[in-house]
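Presented below is the structure to which this report refers.
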Amino acid sequence: MAPVLVVPDGGLKTAEPRRIVVAWNQSREAMTAVRRALPFLKRAELVDIAVIDPPTHGPERSDPGGLLCQMLVRHGVKADVTVLAKTLPRVSEMLLRHGMDSDADLLVMGAYGHSRFREAILGGATRDLLAEGGLPVLMAH
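Count the sequence shown with the working numbering and you get residues 277 to 417, in order.
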């Protein structure tokens with residue numbers, strides 16, 4: 277499936293993103309988005325892998341985002357990892373704030389689909405980011 281580039285009403289700041297934030301949660305969708313965005317990531321000045329409240333158990337518990345960072349560096353990407361504590365109610369708010377604070381030109385993330393009932397009750401980061409806008413987002417599922 278092809279990735280989707282969602283551009284906010286204000287348009288793109290630049291045709292070639294220099295600073296990119298990757299929303300990383302170790303999911304298949306997030307990895308698909310990273311792979312689809314690889315041409316942009318290779319040309320960026322800096323790629324920031326953002327991990328929000330990493331799990332305390334699992335393969336990356338001691339180095340959240342470390343394996344992805346290693347993979348990207350092997351592809352010639354200048355990457356760094358930022359671990360964020362969830363201080364805002366929604367993940368989408370955290371990602372947008374981090375993107376704005378780091379002067380990002382693009383946010384890369386996996387797109388998820390949930391049942392209508394679940395989204396109506398719980399919401400979803402994908403839907404919230406599409407509604408809030410403010411930063412170009414490259415999504416893949």
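Even glycine gets a Cβ: it sits at the ideal position worked out from N, Cα and C.
Cβ-Cβ distance between residue 283 and residue 412 below 7 Å: yes
As assigned by DSSP and simplified to three states, the class of residue 409: coil
Alpha-carbon to alpha-carbon, residue 367 and residue 397: Caution is warranted here: a pLDDT of 41 is assigned to residue 397, below 50, making its placement in the model unreliable, and no coordinate value can be reported.
Span of the beta strand (DSSP E), counted from its first residue to its last, around residue 382: 382-386
Any beta strand (DSSP E) of 3 or more consecutive residues that is wholly inside the stretch 343-380: 355-360
Continuous beta strand (DSSP E) stretch holding residue 295: start and end: 295-299
Reference residue 408; option with closest CA among 376, 372 and 381: 372
Local Cβ density within 10 Å of residue 385, reported as buried at 16 or more and exposed below that: buried
Rounded C-alpha distance that separates residue 395 from residue 387: Note that residue 395 has pLDDT 47, beneath the 50 cutoff, so the model's placement of it is unreliable and the number below is only indicative. Computed Cα separation, rounded: 13 Å.
Contacts around residue 319, its chain only, beta-carbon distance under 7 Å, and the 5 residues preceding and following it disregarded: 292
Same chain, Cβ closer than 6 Å to residue 312, five either side skipped, listed in chain order: 279 and 416
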